[in-house]
Amino acid sequence: MGRYTAVHANPNGVGDARPTALQIIQDEGLEGKLAGKVIVLTGATSGIGLETARALSATGATLLLTARDRKKAEESLAGILEPGRVSLIDMDNASFSSTRAAAQQILSQSHGKVNIFIANAGIMGLPELKLTEDGHESHFAVNHLSHFLLFHLLKDALLAASTPDFNSRAVFVSSSAHRGGRLPPSDDYSFQKTPYKHETAYANSKLANIYTASYVDRHYGSRGLHATSLHPGGILTNIARYSDPAVIEAIKSIPHLIPLFKNAEQGAATTVVAAVGKEWEGKGEVLGGL
Numbered sequence: 015m016g017r018y019t020a021v022h023a024n025p026n027g028v029g030d031a032r033p034t035a036l037q038i039i040q041d042e043g044l045e046g047k048l049a050g051k052v053i054v055l056t057g058a059t060s061g062i063g064l065e066t067a068r069a070l071s072a073t074g075a076t077l078l079l080t081a082r083d084r085k086k087a088e089e090s091l092a093g094i095l096e097p098g099r100v101s102l103i104d105m106d107n108a109s110f111s112s113t114r115a116a117a118q119q120i121l122s123q124s125h126g127k128v129n130i131f132i133a134n135a136g137i138m139g140l141p142e143l144k145l146t147e148d149g150h151e152s153h154f155a156v157n158h159l160s161h162f163l164l165f166h167l168l169k170d171a172l173l174a175a176s177t178p179d180f181n182s183r184a185v186f187v188s189s190s191a192h193r194g195g196r197l198p199p200s201d202d203y204s205f206q207k208t209p210y211k212h213e214t215a216y217a218n219s220k221l222a223n224i225y226t227a228s229y230v231d232r233h234y235g236s237r238g239l240h241a242t243s244l245h246p247g248g249i250l251t252n253i254a255r256y257s258d259p260a261v262i263e264a265i266k267s268i269p270h271l272i273p274l275f276k277n278a279e280q281g282a283a284t285t286v287v288a289a290v291g292k293e294w295e296g297k298g299e300v301l302g303g304l
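Numbering (our numbering), first residue to last: 15 to 304.
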């Protein structure tokens, strides 16, 4: 973790000395330095996605931010939306047709060159099994399959944008919850044969994110496209909206966990390091929460 090792040795909870996403940009000396670069970020409307967008906006890069609810996105991103530079792309991760339409719009607006792709959008804790319009379990579809599809639709644009001094990057926001995952046989991805458990569904989707990043880096790293997957840390954001409030409150009160929690600004820091940190130029890796 380099310069941030010391502040992580003894965390003191939300808002402590651990860096925010914007601090990463400032420490890297990247304010206004990425003009002309194109960054695609999914799920930019709330939580760490919103803070990732705010921080990356400071670099001067062109941001293409996907959102399922345009009105909500326009409200939450009002401070950074900028015609021609920071734009919204309509995309519902629960729909392959929407993902394909978003990819076409991204390719059109980016003129076929994308420097950084960040797969951030996600859901967690759906209490009952819900299939998407394409017939897939929702966690797996939203967190993994849509991102897998979007990456492949943008892959040639990422390769085309790569240069020797600025390799393209793909960043997959995973979770330490992947440890509870075990990718099932192909005929049970949507719990056709086993009882549905939202914990397992989420864990499987996050494990798939890691496998995808590993695949991308192994297959395209030599061509100037590297990938990382990461655990952003313990952040209680809107992603927990489906969880039992009593369970969330109980987790928040566990003494040994309290110092580990971060706010959304801090939670986005690991994503930003993976996306633009100079130490990750030409590299791919699995990152823990900064």
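Heads up, the beta-carbon is just placed ideally off N, CA and C, and yes, glycines get one too.
Since we're looking at a predicted model, the values are computed, not measured.
field: Helix, strand or coil at Ser101 according to DSSP, with G and I counted as helix
entry: Of the three classes helix, strand and coil, the one that applies to Ser101 here is strand, per DSSP.
task: Could you pull out every residue in the same chain whose Cβ sits closer than 6 Å to the Cβ of His161, ignoring the five residues on either side in sequence?
output: Hits under 6 Å: Ala133.
query: In this structure, does DSSP put Phe110 in helix, strand or coil?
result: Helix.
- request: Starting from Thr226, follow the alpha helix (DSSP H) in both directions and report where the run begins and ends.
  value: Thr226 -> alpha helix (DSSP H) spans His212 to Tyr234.
- request: Could you have a look at Val28 and say whether DSSP puts it in helix, strand or coil?
  value: Here DSSP, grouped into helix, strand and coil, assigns Val28 to coil.
message: Rounded to the nearest angstrom, what separates Ala282 and Leu140 at their Cα positions?
response: Taking the straight line joining both Cα atoms gives about 23 Å.
query: What residues match up with Ile39 in a beta bridge as DSSP calls it?
result: Looking at the DSSP assignment, Ile39 forms no beta bridge with any residue, so it has no partner.
- request: Determine, using beta carbons only, whether Thr66 and Asn107 come nearer to each other than 8 Å.
  value: Cβ atoms of Thr66 and Asn107: not closer than 8 Å.
- request: Work out the CA separation of Lys207 and Thr34 for me, nearest whole Å.
  value: Thr34 and Lys207 have their C-alpha atoms spaced approximately 43 Å apart.
- request: Decide if Tyr203 is buried, meaning its Cβ has at least 16 other Cβ atoms within 10 Å, or exposed.
  value: When all chains shown are included, Tyr203 counts as buried.
message: DSSP has Val54 in a bridge; who is on the other side?
response: Residue pairing by DSSP puts Val54 in a beta bridge opposite Leu78 and Phe131.
query: Mapping DSSP to helix, strand and coil, what is Met15?
result: A caution first: Met15 carries a pLDDT of 49, below 50, which makes its placement in the model too unreliable to give a value.
query: Does the Cβ-Cβ distance between Gly126 and Asn157 come in under 8 Å?
result: In this structure, Asn157 does not lie closer than 8 Å to Gly126 by Cβ.
query: To the nearest angstrom, how far is it from the Cα of Ile62 to the Cα of Lys292?
result: Taking the straight line from one Cα to the other gives about 21 Å.
CA-to-CA distance, Ala75 to Ala175, given in whole angstroms: In this model, Ala175 and Ala75 are separated by some 14 Å (Cα to Cα).
query: Based on the DSSP output, what are the partners of Ala184 in its beta bridges?
result: Per DSSP, Phe131 and Ala241.
- prompt: Where DSSP assigns a beta bridge to Gly248, which residues make up the other side?
  reply: For Gly248, which the question treats as bridged, DSSP gives the partners Phe275.
field: Neighbourhood of Arg114 by C-beta, 8 Å cutoff - its chain only, sequence neighbours within 5 removed
entry: Around Arg114: Leu163 and Leu167.
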